[in-house]
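A.B. asks: One structure follows; several queries about it will come next.
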Amino acid sequence: MSDEDTDMTDAPSENATDDSPTDRADDDLPPHRAAPRSGRLDSERRQGTPYTESQVIMPTVKVVAPFAFTFGLFVTFHGSGSPGGGFQGGAIMAAVVFMIAFAFGIEATRNWLANTVVVALAVGGALAFAGIGLVPVALGGAFLQYDLLPIPILDPVKYGMEGVEIVGIAPIVSGVLMGLFFLLANGFASDGGFGTGESGESRDDGGDADDNAAVADGGRDARGATGSDSVRGGGDR
Amino acid sequence: MTALAPAVVAQVTAIEASLLAFVVLTALATALARDVLAAVIVFGAYSLGMAALYTFYRAPDVALTEAAISAGVTTVLLLVTLAKTSRIDHDAVFESVNLPAAGAAGLLFAGLLLTMGDIPAIGSPDAPVWSNPEVSQWYLAESYAQTGVENTVMAVLAAFRGFDTFGEAVVVFAGGIAALIVLHREAFA
Numbered sequence: 001m002s003d004e005d006t007d008m009t010d011a012p013s014e015n016a017t018d019d020s021p022t023d024r025a026d027d028d029l030p031p032h033r034a035a036p037r038s039g040r041l042d043s044e045r046r047q048g049t050p051y052t053e054s055q056v057i058m059p060t061v062k063v064v065a066p067f068a069f070t071f072g073l074f075v076t077f078h079g080s081g082s083p084g085g086g087f088q089g090g091a092i093m094a095a096v097v098f099m100i101a102f103a104f105g106i107e108a109t110r111n112w113l114a115n116t117v118v119v120a121l122a123v124g125g126a127l128a129f130a131g132i133g134l135v136p137v138a139l140g141g142a143f144l145q146y147d148l149l150p151i152p153i154l155d156p157v158k159y160g161m162e163g164v165e166i167v168g169i170a171p172i173v174s175g176v177l178m179g180l181f182f183l184l185a186n187g188f189a190s191d192g193g194f195g196t197g198e199s200g201e202s203r204d205d206g207g208d209a210d211d212n213a214a215v216a217d218g219g220r221d222a223r224g225a226t227g228s229d230s231v232r233g234g235g236d237r
Numbered sequence: 238m239t240a241l242a243p244a245v246v247a248q249v250t251a252i253e254a255s256l257l258a259f260v261v262l263t264a265l266a267t268a269l270a271r272d273v274l275a276a277v278i279v280f281g282a283y284s285l286g287m288a289a290l291y292t293f294y295r296a297p298d299v300a301l302t303e304a305a306i307s308a309g310v311t312t313v314l315l316l317v318t319l320a321k322t323s324r325i326d327h328d329a330v331f332e333s334v335n336l337p338a339a340g341a342a343g344l345l346f347a348g349l350l351l352t353m354g355d356i357p358a359i360g361s362p363d364a365p366v367w368s369n370p371e372v373s374q375w376y377l378a379e380s381y382a383q384t385g386v387e388n389t390v391m392a393v394l395a396a397f398r399g400f401d402t403f404g405e406a407v408v409v410f411a412g413g414i415a416a417l418i419v420l421h422r423e424a425f426a
């Protein structure tokens with residue numbers, strides 16, 4: 001099931017040179033075992049996202065994820081009265097997304113959690129924090145002077161701080177951590193590492209933004225294809 | 238140092254000693270493991286031990302951060318990065334010790350150990366937290382009255398040092414943007 005991904009992204013020259021012996025040795029192994037090859041780099045075999053549907057990990061994550069997410073919400077919302085706060089709670093909620101990605105596939109999780117959500121969390125959190133800080137400035141006070149916040153009935157100082165933690169810090173941290181996770185799972189846009197291949201030349205030849213966008217779009221389309229594969233594999237079961 | 242050492246040793250409980258031994262052993266295993274995957278996994282165990290140690294020393298906010306960020310998120314990010322890079326099969330479990338590097342690390346360790354005598358014991362009235370009560374005790378006494386928040390750590394971070402916290406949040410945000418730039422991408426997901 002996961003071999004399709006690696007075959008799609010293999011370099012054609014690599015397929016041409018050493019196809020038969022090592023590939024047959026790999027196919028005899030169960031999918032969770034790495035091929036025994038001493039001292040050899042195997043990066044060309046594992047360019048795709050390594051993923052196996054585990055009957056242990058998937059039910060475990062199904063059970064644990066709601067509780068872990070609720071714990072993250074509790075740490076965020078109850079940070080004023082117990083240890084924790086937006087930073088810790090946001091990290092726990094992002095870790096729940098990591099767990100889901102490990103159990104059900106990174107590509108499927110990436111499709112489920114669109115880029116818009118990740119960007120909206122990070123940018124919206126930063127803007128909300130700045131907004132809570134700037135409202136007292138607009139009312140003639142200092143930056144983050146909570147007692148000038150126009151919060152009716154409730155204590156403006158306490159709930160201003162809660163607002164900073166809940167709608168400011170926690171979304172920034174969870175959004176940025178999820179974004180880092182998906183970015184690292186993708187790797188370089190050129191798929192070639194540091195400055196190899198022609199995409200590096202096209203990046204160097206000077207300020208052509210359309211070229212870079214085209215390269216990025218091509219990579220995104222390829223990833224979309226593999227992601228739909230893993231989604232369909234999950235549906236078949 | 239000589240006067241302080243017996244008192245410190247007498248206060249170390251069994252659970253504390255076992256946590257310290259666990260942390261030291263996992264740190265050594267991280268440095269010496271030949272396989273990078275094994276080093277990453279042992280490093281996660283080291284972070285979990287540090288989180289337990291922070292809890293033991295009554296710093297639960299730091300322990301939560303250590304457990305969530307260092308043991309959880311950093312381990313996952315390192316694993317994802319390893320999956321994108323190459324991995325070499327080894328016969329040996331542990332790296333052969335590089336003697337110059339071990340000597341440099343030992344010298345640094347010895348230098349740090351020399352400063353241990355000046356660190357006050359846990360709960361000692363000579364600790365700067367207690368010997369400067371006009372600073373630390375003011376926050377403990379006034380944070381609830383001025384902010385209405387029971388957690389003094391959060392009161393300091395979000396109210397008294399709110400501008401610094403805003404800077405930290407912007408640094409986290411800028412870190413995500415920098416990762417986009419370094420990896421030549423225009424979208425997170």
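Respectively, the protein sequence lines represent chains A and B. Numbering follows this note's numbering, in which position 219 of the first sequence is assigned residue number 219; successive positions increment by one, without gaps. Each number in this note's numbering comes from the position in the second sequence (counting from 1) with 237 added on. Heads up, the beta-carbon is just placed ideally off N, CA and C, and yes, glycines get one too.
(1) Taking all protein chains shown into account, decide if F410(B) is buried (16 or more other Cβ within 10 angstroms of its Cβ) or exposed.
(2) Would a check of beta-carbon distances place L236(B) closer than 7 Å to chain A?
(3) What is the DSSP secondary structure of E423(B), counted as helix, strand or coil?
(4) From the DSSP output, in three-state form, read off A406(B) for me.
(5) Taking Cβ positions only, does L134(A) come closer than 7 Å to chain B?
(6) For L113(A), go through chain B and note every residue whose CB falls closer than 9 Å to its CB, in chain order.
(7) Measure from the C-beta of L345(B) to each C-beta in chain A and report whether the shortest distance is under 7 Å.
(8) At the 7 Å Cβ level, is L180(A) part of the contact set with chain B, yes or no?
(9) In chain order, which continuous runs of the alpha helix (DSSP H) of length 4 or greater are located wholly inside the region 244-318 of chain B?
(10) DSSP beta-bridge partners for F143(A)?
(11) Note down, in chain order, every chain B residue with its Cβ under 8 Å from the Cβ of A91(A).
(12) Can you tell me where the alpha helix (DSSP H) holding Q383(B) begins and where it ends?
(13) Using a beta-carbon distance below 7 Å, is Q88(A) in contact with chain B?
(14) Hey, does S174(A) have any beta-carbon neighbour from chain D nearer than 7 Å?
(15) Using a C-beta to C-beta distance shorter than 7 Å, which residues of chain A count as neighbours of G385(B)?
(16) Measure the alpha-carbon distance for A416(B) versus P362(B) and round it to whole angstroms.
(17) Please confirm whether L144(A) has its beta-carbon closer than 7 Å to some beta-carbon of chain B.
(18) Just the C-alpha distance for L315(B) and T267(B), rounded to the nearest angstrom, thanks.
(19) Beta-carbon of A250(B) versus every beta-carbon of chain A: anything under 7 Å?
C.D. replies: In terms of the structure at hand:
(1) The residue labelled residue 410(B) in the question sits at position 173 within the second sequence. In summary, F410(B) is buried, with 16 or more beta-carbon neighbours lying within 10 Å of its beta-carbon over all protein chains present.
(2) Residue 236(B) cannot be examined here, being either before or after the span of chain B that is shown, 238 to 426.
(3) The residue you call residue 423(B) lines up with position 186 of the second sequence. Correct three-state label for E423(B): coil.
(4) As a first step, residue 406(B) is located in the second sequence; it is residue number 169 there, counting from the start. Correct three-state label for A406(B): helix.
(5) Residue mapping note: residue 134(A) aligns to position 134 of the first sequence, counting from 1. No, L134(A) lies away from the interface with chain B (no Cβ there is under 7 Å from its Cβ).
(6) Mapped onto the first sequence, residue 113(A) falls at position 113. For L113(A), the chain B residues whose C-beta falls within less than 9 Å of its own C-beta are A426, listed in chain order.
(7) If you number the second sequence from 1, residue 345(B) lands on position 108. So, not an interface residue.
(8) The count along the first sequence starts at 1 and reaches residue 180(A) at position 180. Cβ-Cβ to chain B under 7 Å: yes for L180(A).
(9) Within the region 244-318 of chain B, the complete alpha helix (DSSP H) runs of at least 4 residues are 251-269, 273-293 and 297-302.
(10) Looking up residue 143(A) in the first sequence gives position 143. F143(A) pairs with nothing; no bridge assigned.
(11) On the first sequence, position 91 is the one that residue 91(A) refers to. Annotation: Cβ neighbours of A91(A) in chain B (cutoff 8 Å, chain order): T302, A305, I306, G309 and V310.
(12) Start at 1 with the first residue of the second sequence, and residue 383(B) comes out as number 146. Following the DSSP letters along the chain, one finds Q383(B) inside the alpha helix (DSSP H) bounded by residues P370 to T384.
(13) Within the first sequence, numbered from 1, the residue matching residue 88(A) stands at position 88. Chain B, which has a Cβ nearer than 7 Å to the Cβ of Q88(A), makes this yes.
(14) In the displayed structure, chain D is absent; the protein chains listed are A and B.
(15) The residue given as residue 385(B) occupies position 148 in the second sequence. Correct list: D155, V157 and K158.
(16) One-based indexing of the second sequence puts residue 416(B) at position 179. One-based indexing of the second sequence puts residue 362(B) at position 125. In a straight line, the C-alpha of A416(B) is about 45 Å away from that of P362(B).
(17) Against the first sequence, residue 144(A) aligns to sequence position 144. Taking 7 Å as the CB threshold, L144(A) lines the interface with chain B.
(18) As a first step, residue 315(B) is located in the second sequence; it is residue number 78 there, counting from the start. As a first step, residue 267(B) is located in the second sequence; it is residue number 30 there, counting from the start. It is roughly 13 Å from the alpha-carbon of L315(B) to the alpha-carbon of T267(B).
(19) Counted from its first residue, the second sequence places residue 250(B) at position 13. Reading off the sequence, residue 250(B) comes out as Thr, not Ala. When Cβ-Cβ separations below 7 Å define contact, T250(B) makes no contact with chain A.
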